[in-house]
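Residue numbers for the sequence shown follow UniProt numbering, beginning at 1 and rising by one. The beta-carbon is built from N, C-alpha and C at its ideal position, and this holds for glycine as well.
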Amino acid sequence: MSNIKIKKISHLETIPVRSEVLRKGKPIESCYFEGDELEETVHFGLFNDEILIGVASIFKTKSNHFSEEKQYQLRGMAVLEDYQGKRLGGVLLEEAIRFVQQNQADILWFNARENAVNFYKNYNFRIFGKPFDINGIGIHYVMYMNFVG
Ligand SMILES: CC(C)(COP(=O)(O)OP(=O)(O)OC[C@H]1O[C@@H](n2cnc3c(N)ncnc32)[C@H](O)[C@@H]1OP(=O)(O)O)[C@@H](O)C(=O)NCCC(=O)NCCS
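Laid out in C-alpha cells, this is it:
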C-alpha cells in the first residue's frame with residue numbers, strides 16, 4: 001500500500017463501494033441509508049493513490065439498547081475485497097473512533113455482521129445482547145464502545 005489517505009466524502013461517493021461490498025447483486029436503492037444526507041452524518045473514504053477502496057459512515061443515531069446521551073452509529077463499513085485483510089479496515093475504524101471522540105461521544109454502536117465481529121473485537125468493541133437476523137443480509141450482533149469523560 002503505497003499512499004493511503006482518509007478523506008471526508010459525500011454519501012453519493014460511498015455508493016459504489018457499499019454496493020460492491022455490502023449489497024452485491026442487490027438493487028442500488030438498497031445502498032442508500034436513511035439519514036445519509038443529514039448535515040450531522042459524516043462519510044469517510046479510504047483512498048489508495050486517489051482510488052477509493054473503503055468507506056465508513058457515522059450517523060448521530062440513538063439506539064434503544066443504550067441510555068447514553070450522546071450516541072453515534074457506525075454504518076456502511078466496507079473495504080473492497082482485493083484490499084481486505086491488510087489492516088485497512090482498521091485505519092478507517094480508527095478514524096471513525098477518533099471523530100466521535102473529538103465530538104464528545106458517550107458511545108459508538110453498530111450492527112455488526114457475524115463475519116466482522118472478530119475484526120471489531122480486535123479494536124475493543126463489545127457485543128451487546130443476542131444475535132439477530134437482518135432480512136436478506138444475515139446474522140448481526142449489536143456492538144459498542146463506551147467513552148468516558
Ligand atoms: C470487515 C472489514 C471492513 C474489515 O476490513 P479489513 O481491512 O479486511 O480488516 P483487517 O485487515 O484489519 O482485518 C480483517 C481480518 O484479517 C486479519 N488480518 C489482517 N492482517 C493480518 C495479517 N497481517 N496476518 C494475519 N491476519 C491478518 C485480521 O485479524 C482480521 O481477522 P478477524 O476478522 O478474524 O479478526 C472488511 O473485511 C469488509 O469490508 N468486509 C466485508 C463487508 C463487511 O463485513 N463489513 C462490515 C459490516 S458490519
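Distance, Cα to Cα, residue i vs residue j?
i	j	result
valine 117	serine 10	27 Å
glycine 25	isoleucine 137	12 Å
serine 51	glutamine 84	The amino acid at residue 51 is misidentified as serine; the sequence shows isoleucine. Rounded to the nearest angstrom, the two C-alpha atoms are 15 Å apart.
phenylalanine 66	valine 79	28 Å
threonine 61	phenylalanine 110	10 Å
isoleucine 53	serine 2	13 Å
tyrosine 123	serine 30	28 Å
leucine 108	tyrosine 72	5 Å
lysine 86	glutamate 114	19 Å
residue 223	asparagine 48	This structure gives no information on residue 223, because the portion of the chain shown stretches from 1 to 149.
serine 63	valine 91	25 Å
Tell whether a beta-carbon distance below 8 Å holds between residue i and residue j.
i	j	result
isoleucine 4	leucine 93	no
lysine 8	phenylalanine 44	yes
isoleucine 6	leucine 38	no
glutamine 104	lysine 130	no
valine 42	phenylalanine 99	yes
aspartate 106	glutamate 81	no
phenylalanine 147	glutamine 101	yes
Identify, in the order they occur along the chain, each residue of the same chain with its Cβ nearer than 7 Å to the Cβ of residue i, setting aside the five sequence neighbours on each side.
i	result
glycine 76	Thr14, Arg18, Leu22, Phe33, Val55, Ala56 and Ser57
phenylalanine 132	His140
lysine 121	none
phenylalanine 119	Gly89
alanine 112	Tyr120, His140, Tyr141 and Met143
Tell me which same chain residues have a C-beta within less than 6 Å of the C-beta of residue i, skipping the five on either side of it?
i	result
phenylalanine 128	His65, Val142 and Tyr144
alanine 96	Ala56, Ile58 and Leu74
glycine 35	Thr41 and Phe59
Which residues in the same chain have their Cβ closer than 8 Å to the Cβ of residue i, if we skip the five residues on either side of it in sequence?
i	result
isoleucine 28	Ile15 and Ser19
Can you find a C-beta in chain C that's less than 8 Å from the C-beta of residue i?
i	result
lysine 5	No chain C appears in this structure, which consists of one protein chain only.
Whole runs of the beta strand (DSSP E) within the UniProt domain "N-acetyltransferase" (4–148), excluding any shorter than 3 residues: As far as the UniProt domain "N-acetyltransferase" (4–148) is concerned, its whole beta strand (DSSP E) runs of at least 3 residues are 4–9, 42–48, 51–59, 71–79, 107–113, 126–134 and 138–146.
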